[in-house]
Amino acid sequence: MARTKIALIGAGNIGGTLAHLAALKGLGDIVLFDVVEGVPQGKALDLSQCGPVEGFDAKIIGSNDYADIKGADVIIVTAGVARKPGMSRDDLLGINLKVMKAVGEGIKANAPDAFVICITNPLDAMVWALREFSGLPHNKVVGMAGVLDSARFSHFLADEFNVSVKDVNTFVLGGHGDTMVPVLEYSTVSGIPVTDLIKMGMSTKERIDEIVKRTRGGGGEIVALLKTGSAFYAPATSAIAMAEAYLGDQKRILPAAAYLSGEYGVNDLYVGVPVLFGAGGVEKIIEVSLDDEAKANLQVSVDAVKELLVACKGIDPSLA
Ligand code: APR
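Going by UniProt numbering, the sequence shown opens with residue 1, and the numbers climb by one from there.
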């Protein structure tokens with residue numbers, strides 16, 4: 001059987017980290033694609049030279065030609081512009097929408113059978129546009145946000161409770177932005193809901209509210225510190241977990257931006273929800289019951305995503 005092929009569209013900070021992780025984990029051969037000449041080739045060569053040290057033999061090439069992604073099994077898209085201090089994810093909309101058009105067309109022409117994971121921000125709008133431009137089935141195009149958002153939430157909770165992060169399992173719904181909805185009832189430490197841990201005196205509602213706020217602004221906190229770009233290690237590792245779930249038919253339930261057609265009362269939109277991932281891509285969207293507060297917060301988040309789509313359609317009438 002031929003080796004699995006992973007194509008990474010965008011060879012910037014996240015793209016390079018994705019390539020390194022994919023090689024270390026032996027996911028397959030790797031193509032790093034970028035519009036800038038030399039960068040994907042240089043990174044591919046540098047990464048290939050890790051092979052003798054790490055003991056991986058993945059073939060890693062850099063390219064500026066979409067023909068090189070032909071036959072890719074998984075494509076992870078980070079092409080576009082990352083946030084600088086003072087920019088919201090939504091400020092990126094106009095620039096990155098054009099990029100999604102070029103990328104979607106490149107995928108459509110060269111790798112229509114791939115499973116596609118979009119990371120480019122503003123995530124929920126960009127994954128929707130990428131799906132539209134590529135014409136791939138909805139179950140094969142998803143957005144990476146929830147794994148990252150819940151990883152951030154889990155990290156902060158593990159610190160707060162002073163427990164191993166291995167035992168923390170968090171649940172985040174909605175768009176990837178300041179309106180995301182971390183749900184406390186479904187966030188647990190070894191099966192004990194955070195709401196119960198508060199009752200047990202392990203923390204206070206006020207402290208957990210602060211953590212929820214910090215999780216929502218988790219990306220912005222890193223942008224403010226880095227000053228020249230946005231987070232890349234955790235976004236890359238989160239997308240790799242999704243790629244592994246697909247390639248290994250793992251039947252994992254991971255939060256992701258998935259296309260909704262009626263679930264959670266939402267239609268024709270990509271929003272963060274729990275998704276069962278397997279060889280079929282998005283095999284099932286898991287619908288959990290939500291209390292009134294979570295429902296209202298989700299609605300705010302959905303409305304924010306809808307506004308972005310209206311803006312996308314205004315910029316590119318072919319999407320209307
Ligand atoms: N096709 C392919 N690559 C492109 C295109 C395009 N049309 N336009 C830009 N790129 C490339 C850039 O040349 C750059 O190498 O995308 C890469 C982006 O890399 P970085 O600027 O380092 O950004 P990164 O941190 O990797 O984030 C990428 O993910 O989390 C989101 O908000 C983030 O939208 C941003 C994306």
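Every residue, glycine too, gets a C-beta built ideally from N, C-alpha and C.
Supposed close pair residue i, residue j - CB separation, criterion 8 Å
i: A102; j: A7; result: The Cβ separation is near 14 Å, so there is no contact.
i: residue 330; j: V127; result: No information on residue 330 is available, as it lies outside the stretch 1 to 320 that the chain covers here.
i: F153; j: V172; result: 6 Å
i: T179; j: T120; result: Not quite, the Cβ-Cβ distance comes to about 19 Å (not below 8 Å), so this is no contact.
i: A304; j: G177; result: 6 Å
i: V302; j: V266; result: 6 Å
Distance cut-off 6 Å: residue i Cβ against heavy atoms of the ligand SAH
i: A239; result: In the structure shown, the ligand SAH is absent; the only ligands present are the ligand APR.
Spatially closest choice to residue i from the options, by CA coordinates
i: A11; options: G26, E37 and L148; result: E37
i: A23; options: N139, I107 and E244; result: E244
i: A125; options: S318, P317 and A311; result: A311
i: D68; options: G86, I9 and A129; result: I9
i: L269; options: L276, A258, F277 and V275; result: A258
i: residue 323; options: L130, M87, L97 and V99; result: Limits of the chain in this structure are 1 at one end and 320 at the other, which puts residue 323 out of reach.
i: A256; options: G191, G262 and G175; result: G175
i: G272; options: V300, D291 and E293; result: V300
i: V275; options: V266, G104 and I285; result: I285
i: L136; options: A151, A114 and C118; result: A114
i: Y233; options: T4, N13 and M1; result: N13
i: D73; options: A320, K43, S203 and A2; result: A2
i: D209; options: Q49, V181 and V266; result: V181
i: F133; options: C118, V147, I198 and A145; result: C118
i: V189; options: D159, G177, K213 and E206; result: D159
i: V35; options: G80, Q49 and D46; result: G80
i: D291; options: L309, A145 and Y264; result: Y264
i: N64; options: V39, D46, K84 and Q49; result: V39
i: D167; options: V147, A145, I192 and S289; result: I192
i: T71; options: V194, K5, V288 and G177; result: Checking the sequence shown, residue 71 turns out to be Gly, not Thr. When each option's Cα is compared against that of G71, the closest is K5.
i: T204; options: F161, Y246 and T170; result: F161
i: F277; options: V147, P122 and L123; result: V147
i: A82; options: L298, D46, L260 and L123; result: L123
i: I315; options: M100, E105 and G26; result: M100
i: L27; options: Y246, K295, G229 and V305; result: Y246
i: L254; options: E287, G262 and M200; result: E287
i: G104; options: R89, P85 and I75; result: I75
i: P317; options: Y66, I198, K98 and R89; result: K98
CB contact check: residue i to chain C, cutoff 7 Å
i: D90; result: Reference to chain C is not applicable here, since this structure consists of a single protein chain.
- Pair every Cβ in the segment 11–24 with every Cβ in the segment 226–241, then say whether three or more of these pairs are closer than 8 Å. yes
- Query: Quick one: any contact between the segment 202–217 and the segment 244–259, if contact means 3 or more CB pairs under 8 Å?
  - Reply: No: the two stretches stay apart, fewer than three of their Cβ pairs being nearer than 8 Å.
- Query: Can you list, in chain order, the stretches of the alpha helix (DSSP H) that have 4 or more residues and sit fully within the UniProt domain "Lactate/malate dehydrogenase N-terminal" (4–143)?
  - Reply: Runs of the alpha helix (DSSP H) spanning 4 or more residues and lying entirely within the UniProt domain "Lactate/malate dehydrogenase N-terminal" (4–143) occur at 13–24, 39–48, 51–54, 93–110 and 123–134, in chain order.
- Message: Within 8 Å, do at least three Cβ pairs link the segment 58–65 to the segment 24–37?
- Response: yes
- Please determine if the segment 80–93 and the segment 47–56 are in contact, where contact requires at least 3 C-beta pairs separated by less than 8 Å. Under the three-pair Cβ rule at 8 Å, the segment 80–93 does not count as touching the segment 47–56.
- Query: Can you list, in chain order, the stretches of the beta strand (DSSP E) that have 3 or more residues and sit fully within the segment 230–303?
  - Reply: 252–261, 267–278 and 281–285
- Message: Does the segment 225–237 come into contact with the segment 176–195, if we say contact requires no fewer than three beta-carbon pairs (one atom in each stretch) closer than 8 Å?
- Response: no
- Message: Tell me whether the segment 129–141 and the segment 281–296 touch, counting them as touching only if at least three CB pairs, one residue from each stretch, are closer than 8 Å.
- Response: Touching, yes, given that three or more Cβ pairs across the two stretches are closer than 8 Å.
- Query: Curious, which full-length alpha helix (DSSP H) runs of at least 4 residues does the segment 159–242 contain?
  - Reply: 194–199, 205–216 and 218–226
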